[in-house]
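Under numbering that gives the first Met the number 0, residues 0 to 318 are what the sequence shown spells out, in order. For glycine and all other residues, C-beta sits at the position ideal for the given N, C-alpha and C.
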Amino acid sequence: MTPVGVLGAGAFGTALAISMARQGPVTLWARDAGHARDMARTRENPARLPGARLPDALTPAADIAALAGCGPILLAVPMQRLRQVLADHRDRLAGHPLVACCKGIELQTGLGPLAVIAQVLPGATAALLTGPSFAADIARGLPTALTLACADADAGRALQARLSTANLRLYRSTDTLGAELGGALKNVIAIACGAVIGAGLGDSARAALMTRGYAEMQRLALARGARPETLAGLSGFGDLALTCTSELSRNYRLGLALGRGEGFDPAITVEGAATARAVAGADHGVDLPITDCVVGLLDGTLSMSGATETLLARPLKEE
Ligand SMILES: NC(=O)C1=CN([C@@H]2O[C@H](COP(=O)(O)OP(=O)(O)OC[C@H]3O[C@@H](n4cnc5c(N)ncnc54)[C@H](O)[C@@H]3O)[C@@H](O)[C@H]2O)C=CC1
Ligand SMILES: O=C(CO)COP(=O)(O)O
């Protein structure tokens, strides 16, 4: 069997590689050669997934040429780095089915992962893997369900069969836009929910924010042509529920820090910050009050009390 390739040895790339290596060969490329060599020697990736052991069928690689012998290649880098990664390795990636594993909207263009892939590698078979999944859970072999979205239904079926594992149950969709937006926008609402809890505003306020945040996600996604059932699935509601309620979420933890008036390590990958700015700054004619408040909190132009007053003072309306 040709190996599955994984580009990006971060938490998610490593976790997916571990899960898939339990059923077949996987090549995991790390951009830092020393990191790849350390993983090959120690059989772990402690900086990104402490305590997780790399199965024997997982081969860390320092040279991206190692991906040439793979079948599908999973792109597990942050959304704001995706375009550069694709441009840097275009020739190596050409001809392989590409599965974007990142969640976000590109700040400069307002595009999602699959549109970026289409721009850099026109004609590539591309899919998106998204949904409620903490890397630590996947690496531990805990049951996880994800959405595998691909505009080409046949390719999506083949990728679903190829990438599903004993603990990763993949559901197919052809609504790539809806799946992208669900995974991207839930991170923004998670920051807001963390801020509410961090500020001590309570679980009722968080529940209200999750619910109205879901309404905001639906408004924007439907305005951009997504299908409502997609946002009600794993990539939208499912991931929103997970990310807004767990301190395993980095977006939620950033929100906690904002609510408490504390700092947060800028080296930690938090996709929701750039996505909030990308979406708030775009001209889509959709009212996004929670997203606007998140941007204000991130930029320091809005206090928690100001954000709370802004949302509570909005004109009364039907739900
Ligand atoms: N960590 C998690 O539990 C989950 C993460 N995701 C998504 O996975 C994506 C990746 O995030 P994580 O793996 O969690 O972040 P991470 O911060 O753990 O890892 C990011 C990885 O990308 C690599 N990278 C960055 N720029 C690169 C470049 N130019 N070339 C090659 N590699 C580069 C870094 O070296 C690092 O290994 C994000 O979009 C995130 O939303 C999705 C579901 C779960
Ligand atoms: O996307 C995720 C869970 O589905 C991971 O969440 P964070 O990026 O907030 O850590």
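Bridge partners for residue i per DSSP, in chain order?
i	result
residue 4	26, 72
residue 129	146
residue 98	73, 126
residue 43	52
residue 60	28
Using a Cβ-Cβ cutoff of less than 6 Å, which residues in the same chain neighbour residue i once the five nearest sequence positions on both sides are dropped?
i	result
residue 268	77
residue 84	76
Short of 8 Å in beta carbon distance, which residues of its chain neighbour residue i, apart from the five on each side in sequence? Order them along the chain.
i	result
residue 201	195
residue 69	1, 2, 3, 4, 26, 95
residue 91	63, 64, 66, 67
residue 58	2, 24, 25, 26, 27, 39, 65
residue 154	96, 124, 126
residue 224	176
Between residue i and the rest of its own chain, which residues show a CB-CB distance below 7 Å, the 5 nearest in sequence each way excluded?
i	result
residue 337	The chain is shown from 0 up to 318; residue 337 falls before or after that span and cannot be answered.
residue 56	20, 23, 24, 25
residue 178	127, 129, 146, 148, 172, 229, 234
residue 285	218, 219, 222
residue 158	71, 96, 98, 126, 147, 149
residue 88	63
residue 191	208, 212, 254, 289, 292, 293
Following a CB-centred definition, is residue i positioned closer than 7 Å to any heavy atom of ligand 3?
i	result
residue 168	As presented, the structure is devoid of ligand 3, carrying ligand 1 and ligand 2 as its sole ligands.
Mind listing which residues have their beta carbon within less than 6 Å of any non-hydrogen atom of ligand 1? Chain order is fine.
7, 8, 9, 10, 11, 12, 30, 47, 75, 76, 77, 78, 80, 83, 84, 100, 101, 102, 103, 132, 133, 134, 268, 270
Touch check for the region 299-317 and the region 127-144: three-plus C-beta pairs under 8 Å?
no
Go through the region 140-226 residue by residue and report every complete run of the alpha helix (DSSP H) that reaches 4 residues or more, in order.
152-162, 175-197, 202-222
Report the start-end ranges of each alpha helix (DSSP H) in the region 247-273 that is 4 residues or longer and not cut off at the edges.
249-259
Okay, do the region 100-116 and the region 272-287 touch, 3+ Cβ pairs below 8 Å being the bar?
yes
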